[in-house]
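The opening position of the sequence shown corresponds to residue 1 in the numbering used here, with each subsequent residue numbered one higher.
Glycine included, every Cβ here is placed at the ideal spot set by N, Cα and C.
Note that the structure is a prediction, hence the values are computed from the model and not measured.
Accompanying notes for the structure given below.
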Amino acid sequence: MPPQTKILDLKTFDKENTIFIDVRTRGYYLISHVENAIHIESAERIGFIAEENRDKQIALYCHSGSVAMSLAAKLEQEGHDNVVAINKNFFYLPKYGIPIVGEGATKI
1 MPPQTKILDL KTFDKENTIF IDVRTRGYYL ISHVENAIHI ESAERIGFIA EENRDKQIAL
61 YCHSGSVAMS LAAKLEQEGH DNVVAINKNF FYLPKYGIPI VGEGATKI
């Protein structure tokens, strides 16, 4: 049985030890993204980041959470236990203290 995808607890996570990765297309990233997030769509490249940052939590996000959940599950199956998914709508993230920057950033 495949492992359960780890979900980032948006109320209690350690912001200082979390690397946010935007897995949406580059165009959406350029319009708006989580502050200090990096853009990577490739599971293989995310795996390299996870391996190089074993002491950090790697949080994947997309528009609704479904792509992030799929990628996190794949990476977890490959042994990257520090990868988690955000399963919330992208534009709700500021409600959890996660700032969004860029011209497409809106407040809900």
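Counted within 10 angstroms of its Cβ, other Cβ atoms place residue i as buried (16 or more) or exposed
{"i": "Leu30", "result": "exposed"}
{"i": "Phe48", "result": "exposed"}
{"i": "Pro2", "result": "Interpretation of Pro2 is limited by its pLDDT of 49, a score under 50 that renders its predicted location unreliable; the figure taken from the coordinates is listed afterwards. Pro2 is exposed by the Cβ-count criterion."}
{"i": "Asn53", "result": "exposed"}
{"i": "Arg45", "result": "exposed"}
Proximity of residue i and residue j at Cβ, strictly below 8 Å
{"i": "Phe13", "j": "Asn36", "result": "no"}
{"i": "Ala59", "j": "Leu8", "result": "yes"}
{"i": "Val23", "j": "Ile100", "result": "no"}
{"i": "Ser64", "j": "Asn89", "result": "yes"}
{"i": "Phe15", "j": "Ala43", "result": "Reading off the sequence shown, one finds Lys at residue 15, where the question assumed Phe. Their beta carbons are not under 8 Å apart, which means Lys15 does not touch Ala43 by this criterion."}
From the options, residue whose alpha carbon lies closest to that of residue i
{"i": "Lys6", "options": "Ala85, Asn89, Tyr96, Gly97", "result": "Ala85"}
Residue i beta carbon near the ligand SAH (any heavy atom closer than 7 Å)
{"i": "Leu75", "result": "Of ligands this structure carries none, so the ligand SAH is not represented either."}
DSSP beta-bridge partners of residue i
{"i": "Ser85", "result": "Before going further, note that residue 85 is Ala rather than Ser in the sequence given. DSSP output for Ala85 lists Ile7, Leu60 as bridge partner(s)."}
| task | Mind listing, in chain order, the continuous alpha helix (DSSP H) runs of no fewer than 4 residues lying wholly within the stretch 56-82? | result | 66-77
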